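Encoded as structure tokens, the structure appears first; notes follow it.
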Amino acid sequence: MALEHALLVSLSEQSGSGYELARRFDKSIGYFWSASHQQIYRVLKRMESSEWVVSETVAQDGRPDKIVYDVGAAGRAELHRWISEPAAVGHLRDDLAVKLRGAAHGDVDAVRAEFERHLHEHDQRLEVYRQVQKHDFPEPERLTGSELHQYLVLRGGFRVEEGFADWCREVLEAL
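With the working numbering as the guide, the letters of the sequence shown map in order to residues 842 to 1016.
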């Protein structure tokens, strides 16, 4: 997936400035697709020149004008095309797995400490996901449309984090 497609999805849900998009990435999309604020601004400019997004300058009192982006007709067509094409099947590609594989040739205690750190990080992310679910999706059985899709992505995040946390526990137990 290209950053452009993640931005098109986000802008399809709600128009926004580059700053607002960067904040959305920090709080939601960033859990499964990361981008720096600089990357977002750079890609938005490229998308605007390709007419995937359109912008409007909004005057603000006491602050510089804000540029608000929305999906253009060409962007909607590209998003439709991209969503319709087959996605690559994911697989485990992780530095931690390679470190574990080579642990016998290095420092097993360092690998153990790294798994403890990763377990802690995955457990923390699970807690964030629990809070998001509680706040944003208190009645998941009533969801439809875009909200249902967002919830299902969150559930996928739960599965990934639970799987990694379980794997970390298994490795720590075995080491």
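Note that the Cβ used here is the ideal one computed from N, Cα and C, for glycine as well. The structure presented is a predicted model; accordingly, all values stated were derived computationally and were not measured.
Ranking 938, 927, 869 and 848 by CA distance to the CA of residue 883 puts 848 first.
Of all alpha-carbon atoms in 886, 956 and 875, the one lying nearest the alpha-carbon of residue 939 is that of 956.
Using a Cβ distance threshold of 9 Å, residue 885 and residue 899 do not count as a contacting pair. When only Cα atoms are considered, residue 865 and residue 852 end up about 10 Å apart.
Excluding five sequence positions before and after residue 1016, the CB atoms of its chain that fall closer than 7 Å to its own CB belong to 949 and 953, given in chain order. Of the residues assessed, residue 860 falls on the exposed side of the cut-off, its CB having fewer than 16 other CB atoms within 10 angstroms.
Cβ-Cβ separation between residue 846 and residue 863: approximately 17 Å, too far for a contact (criterion under 8 Å).
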